[in-house]
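**Q**
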Amino acid sequence: MSGPAARARRSGGIRRASSERGQASVLLVGGLAGVLIAVVIAGAVAKAVGREAAAQRAADLAAVAGAKAMHAHYDRLFEPAVIDDASNPRHLEKEAYLAIGRAVALQVAAKNGAAAIVSFPDAGTIAPVRVRVAVTDVVEVGRGKAKQEATIRATAEAQLGASPQLGFASGGGYDGPLAYRQGKPMRPDVAQAFDRLEAAAKQDGVALTINSGFRSDAEQAVLFARNPDPRMVAPPGKSLHRNGTELDIGPPAAYAWLASNATRFHFVQRYSWEPWHYGYTLNAGSASSTGNDGKAGVGRGAVPGFVPPRFAPILREAAQRWNVSATLLAAQLYAESNFNPFAVSKAGAQGIAQFMPGTARAYGLEDPFDATEAINAQAHMMRDLLRQFGSVPLALAAYNAGPGRVAACGCVPPFPETQGYVARILGLMSGAGQPLAPGGSALTVRLVS
């Protein structure tokens, strides 16, 4: 077909094809513009996401670093300010302790290119264990007239909590954390002193071995049953090994060196007829029933110096009745209410021992504002919790968060309040002669948010 009609049809077909190509070009240009816009947007989003991730990383690192600094100095909060009428250089006031944590957190944030604000959510407590770091950054999004600023905020919180691997002594004159040297248990401050003693002996070419450390009354009973002669073996409840301060050190070749040098490291030979038996006498960070003097020993009935005098006999009687450490009970009361018999919490806990109404009824406590009744019920409850969980940290956690929550995980539940509560009481026990492990290793640092 070659007539005008055919030519017209061919001409029309060509025009339609040209129109379609034009539309395609427009679509292509529009598509490219859309892609470019998407790339720009994606780039801006990626930039913002990258900056946000960097800000969060800076906050996380700063919070953990601040908490680690607090961890390193935590036990110093509980050292007596004065020992033998002289200032104790180990003692650290709360303000100085927080200043250390803040300085380290700010320094780490700055090294990661972030300006940070550091705060302590539990700063009002006797021994803060939480540090919060807030980082703010501004990122520019877009170009030219479309440029906008977006604010990025990141926060992180770290805290000290009880170590799940923490070992505790029980069944003797000492209820507290244990450190081990040569496989033998002892109080952590005794372990530190032995390290110094051993290092000095090694320099003089003398090797020391530990044959015995902390012994519970039950373990002492086994020894006494094998040799029931009190001139050779102390009866149960009479051996100083129950206090975690005594070490039987050998071998015989080291006896002469020990006799000449042990006192330099605050160890004394207890009995002239036992050249192997040395006891730690300094007891740094301990408290007596009359005040913080750095010398007193620790027993189930010993009441720490931070206890107001009018509550001391009540605590002593409750501790003896229910066979629970008076130091533990006292530290609890300090943390719970600061010894205020009329305290009422926001959650409704009442009295010096902060009993909830239901728990008070379960323990026959008619008036939680009666300090004598409340402390007796507290000791009764702690006796039950210690029997149930076999661990001071877990018993404390159950007192604070409830036995069900502790039983469900077999741990100190990951609630900031409970973690802090346990850590504070362990610290108070440290200052009352039941010390945390060296360097505060009875506690761990964890990022909680």
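Residues in the sequence shown are numbered consecutively from 1, following full-length UniProt numbering. Using N, Cα and C, we set each Cβ at its ideal position, and we do this for glycine too.
Between proline 251 and the rest of its own chain, which residues show a CB-CB distance below 7 Å, the 5 nearest in sequence each way excluded?
**A** Translated into the one-based positions of the sequence shown, residue 251 becomes position 251. Same-chain partners within the cutoff: Thr209.
**Q** What are the boundary residues of the beta strand (DSSP E) that includes lysine 147?
**A** Against the sequence shown, residue 147 aligns to sequence position 147. Per DSSP, lysine 147 lies in no beta strand (DSSP E) segment and is marked neither H nor E.
**Q** For the beta strand (DSSP E) holding leucine 247, just list the boundary residues, first then last.
**A** The residue you call residue 247 lines up with position 247 of the sequence shown. Its beta strand (DSSP E) spans residues 246-250.
**Q** If we count the other Cβ atoms within 10 Å of its Cβ and call it buried at 16 or more, is arginine 264 buried or exposed?
**A** As a first step, residue 264 is located in the sequence shown; it is residue number 264 there, counting from the start. Exposed is the call here.
**Q** Between threonine 307 and arginine 383, what straight-line distance do the alpha-carbon atoms span, to the nearest angstrom?
**A** Taking the first residue of the sequence shown as position 1, residue 307 is located at position 307. Taking the first residue of the sequence shown as position 1, residue 383 is located at position 383. It should be noted that the sequence gives valine, not threonine, for residue 307. One C-alpha to the other measures close to 20 Å.
**Q** Check this for me: beta carbons of leucine 333 and phenylalanine 339, under 8 Å apart or not?
**A** Here residue 333 refers to the residue found at position 333 of the sequence shown. Here residue 339 refers to the residue found at position 339 of the sequence shown. Yes.
**Q** Straight-line CA distance for leucine 428 to alanine 331?
**A** On the sequence shown, position 428 is the one that residue 428 refers to. On the sequence shown, position 331 is the one that residue 331 refers to. In a straight line, the C-alpha of leucine 428 is about 6 Å away from that of alanine 331.
**Q** State the beta-bridge partners of glutamine 350 as determined by DSSP.
**A** For the purposes of this step, residue 350 is taken as the residue at position 350 of the sequence shown. According to DSSP, which records beta bridges pairwise, glutamine 350 is partnered with Val344, Phe355.
**Q** Is it a yes or a no for the stretch 215-229 touching the stretch 191-207, going by three-plus beta-carbon pairs under 8 Å?
**A** no
**Q** Under DSSP, the alpha helix (DSSP H) around lysine 111 begins and ends at which residues?
**A** To locate residue 111, count along the sequence shown from 1; it is residue 111. That run of the alpha helix (DSSP H) goes 94-111.
**Q** Measure the Cβ-Cβ separation of proline 403 and leucine 385 and say whether it is below 8 Å.
**A** Position 403 of the sequence shown, counted from the first residue, corresponds to residue 403. Position 385 of the sequence shown, counted from the first residue, corresponds to residue 385. Yes. Within cutoff.
**Q** Would tryptophan 276 be called buried (16 or more neighbouring beta carbons within 10 Å of its own) or exposed?
**A** The residue labelled residue 276 in the question sits at position 276 within the sequence shown. Under this definition tryptophan 276 is a buried residue.
**Q** Look at the alpha carbon of valine 406 and the alpha carbon of arginine 424, and state the distance between them as a whole number of angstroms.
**A** Position 406 of the sequence shown holds residue 406. Position 424 of the sequence shown holds residue 424. Cα-Cα distance, rounded: 18 Å.
**Q** Apply the 10 Å Cβ neighbour rule to lysine 184 and answer buried if 16 or more other Cβ atoms are within range, or exposed otherwise.
**A** Translated into the one-based positions of the sequence shown, residue 184 becomes position 184. Buried.
**Q** By the three-class DSSP mapping on this structure, what secondary structure does phenylalanine 267 have?
**A** For the purposes of this step, residue 267 is taken as residue 267 along the sequence shown, with counting starting at 1. DSSP places phenylalanine 267 in strand when its eight states are reduced to three.
**Q** Provide the residue(s) that pair with threonine 136 in DSSP beta bridges, ordered along the chain.
**A** Within the sequence shown, the letter at position 136 stands for residue 136. In the DSSP output, where bridge partners are listed per residue, threonine 136 has Arg153.
**Q** For asparagine 261 and alanine 99, I'd like the C-alpha separation in whole angstroms.
**A** As a first step, residue 261 is located in the sequence shown; it is residue number 261 there, counting from the start. As a first step, residue 99 is located in the sequence shown; it is residue number 99 there, counting from the start. So the two alpha carbons sit approximately 39 Å from each other.
**Q** Taking asparagine 376 as part of the alpha helix (DSSP H), name the residues at either end of that continuous run.
**A** Position 376 of the sequence shown, counted from the start, is the residue given in the question as residue 376. From DSSP, the alpha helix (DSSP H) with asparagine 376 extends over 371-389.
**Q** Report the residue from Tyr74, Val138, Glu79, Pro188 whose alpha carbon sits nearest the alpha carbon of proline 128.
**A** If you number the sequence shown from 1, residue 128 lands on position 128. Relative to the Cα of proline 128, the nearest Cα in the group Tyr74, Val138, Glu79, Pro188 belongs to Tyr74.
**Q** Is the CB-CB distance between asparagine 88 and alanine 81 below 8 Å?
**A** For this step, residue 88 is matched to residue 88 along the sequence shown. For this step, residue 81 is matched to residue 81 along the sequence shown. A contact, by the Cβ cut-off of 8 Å.
**Q** Taking the beta carbon of aspartate 367 as the centre, do at least 16 other beta carbons fall within 10 Å, making it buried, or is it exposed?
**A** Within the sequence shown, residue 367 is the residue found at index 367, counting from 1. With fewer than 16 other Cβ atoms within 10 Å, it is exposed.
**Q** Starting from serine 212, follow its DSSP beta bridges and name the residues at the other end.
**A** Stepping through the sequence shown from its first residue, residue 212 is reached at position 212. Its beta-bridge partners are Asp248.
**Q** Please determine, among Ala123, Met186, Ala109, the residue with the shortest C-alpha to C-alpha distance to glycine 213.
**A** As a working note, residue 213 is residue 213 in the sequence shown. The residue with the shortest Cα to Cα distance from glycine 213 is Met186.
**Q** If you reduce the DSSP assignment to three classes, tell me which class proline 185 lands in.
**A** As a working mapping, residue 185 is identified with position 185 in the sequence shown. Here proline 185 sits in strand by DSSP.
**Q** Who does leucine 447 pair with in a DSSP beta bridge?
**A** Along the sequence shown, read from residue 1 onward, the residue named residue 447 stands at position 447. Paired residues: Ala158.
**Q** Kindly identify the DSSP beta-bridge partner or partners of serine 87.
**A** Numbered from 1 along the sequence shown, position 87 holds the residue referred to as residue 87. For serine 87, which the question treats as bridged, DSSP gives the partners Val82.
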